[in-house]
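Report on the following structure.
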Amino acid sequence: MAVKDNRVHQLISESIVDVCRGELFQFQDQFNSQQTIINYLRRINRKTALLIQLSTEVGAITSQSDKETVRKLKMIGHYIGMSFQIIDDVLDFTSTEKKLGKPVGSDLLNGHITLPILLEMRKNPDFKLKIEQLRRDSERKEFEECIQIIRKSDSIDEAKAVSSKYLSKALNLILSYQNGHPKSLLLS
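Note that my numbering gives residue 47 to position 47 of the sequence shown, counting from 1, and the numbers run on in steps of one.
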């Protein structure tokens, strides 16, 4: 089934460019301990959140929804995507290698400074110094020490709270729909 709505093609094209930009920014920010929470949120907005947002927006367009529904579904996708990525970053510290399919802390091992790290850096100067000293060729024990600090910190709960705020925004938009089949699908 061919999609004839040019908005879909435009959105997909723009999204591909934005995701590539997000990847480039992530690459540039590897081991950059000077980045901010705003930088982090922009980065995840250009990647995971954008892809989920694109799927909800394109779904609304291809089902010939009105402009307001398209706007709402786009925002629902955005909020869910932001929440999802933050939780994914939390799980990188709290889960197990078996469940993750990759080593615990692999984001940090690859130089990705995620929300739990940024939150801990704001309140723990010693931890911030440890992160600033990490390099690609740092010893594994230096990474492990940072991973353990995060695992024991309340930064995990703080990051979960940020994720919950995004999820609440999505839920509030879903709840703004009238009762019926589309709303029940979104809630299920």
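We treat Cβ as the ideally placed atom computed from N, Cα and C, and that holds for glycine.
Values in this document were obtained by computation on a predicted structure and should not be read as measured data.
Short CB-CB distance (under 8 Å) between residue i and chain C
i, result
"Phe84", "The structure shown contains no chain C, having only a single protein chain."
CB contact flag (residue i, residue j, <8 Å)
i, j, result
"Gln85", "Ile44", "yes"
"Gln35", "Ile113", "yes"
"Ile52", "Gly81", "yes"
"Leu118", "Ile16", "no"
"Pro103", "Ile156", "no"
"Leu129", "Cys146", "no"
"Asp18", "Leu41", "no"
"Lys72", "Leu173", "yes"
"Arg7", "Ile61", "yes"
"Ser33", "Glu139", "no"
"Leu108", "Leu54", "no"
"Glu120", "Ser153", "yes"
"Ser95", "Leu167", "no"
"Phe25", "Arg46", "yes"
Identity of the residue in the options nearest residue i by Cα
i, options, result
"Asn110", "Val90, Glu132, Arg136 and Phe93", "Arg136"
"Gly59", "His9, Cys146, Ser138 and Gln26", "His9"
"Lys169", "Asn32, Met75 and Arg46", "Met75"
"Glu223", "Ser188, Leu187 and Ser176", "An answer regarding residue 223 cannot be provided, because it is not within the stretch 1 to 188 covered by the chain."
"Glu144", "Thr48, Phe127, Ala159 and Glu158", "Phe127"
Three-state secondary structure (DSSP) of residue i
i, result
"His112", "coil"
"Gln133", "helix"
"Pro125", "helix"
"Gln10", "helix"
"Lys102", "coil"
"Lys4", "coil"
"Phe148", "Here the sequence assigns Gln to residue 148, which means Phe is not the residue at that position. In the structure shown, Gln148 sits in a helix (DSSP, three-state: H, G or I)."
"Gln85", "helix"
"Asn179", "coil"
"Glu139", "coil"
"Asp154", "coil"
"Ser164", "helix"
"Thr96", "coil"
"Ser188", "coil"
Expected contact under 8 Å - CB spacing of residue i and residue j to nearest Å
i, j, result
"Gly105", "Asp92", "6 Å"
"Glu57", "Gly77", "6 Å"
Residue i: CB within 7 Å of a non-hydrogen atom of the ligand ZN
i, result
"Asn172", "You won't find the ligand ZN in this model; it holds no ligand whatsoever."
To test your reading of the DSSP string, which unbroken alpha helix (DSSP H) runs of 4 or more residues are found completely within the segment 18 to 76?
Here the runs fully enclosed are 37 to 45 and 48 to 62.
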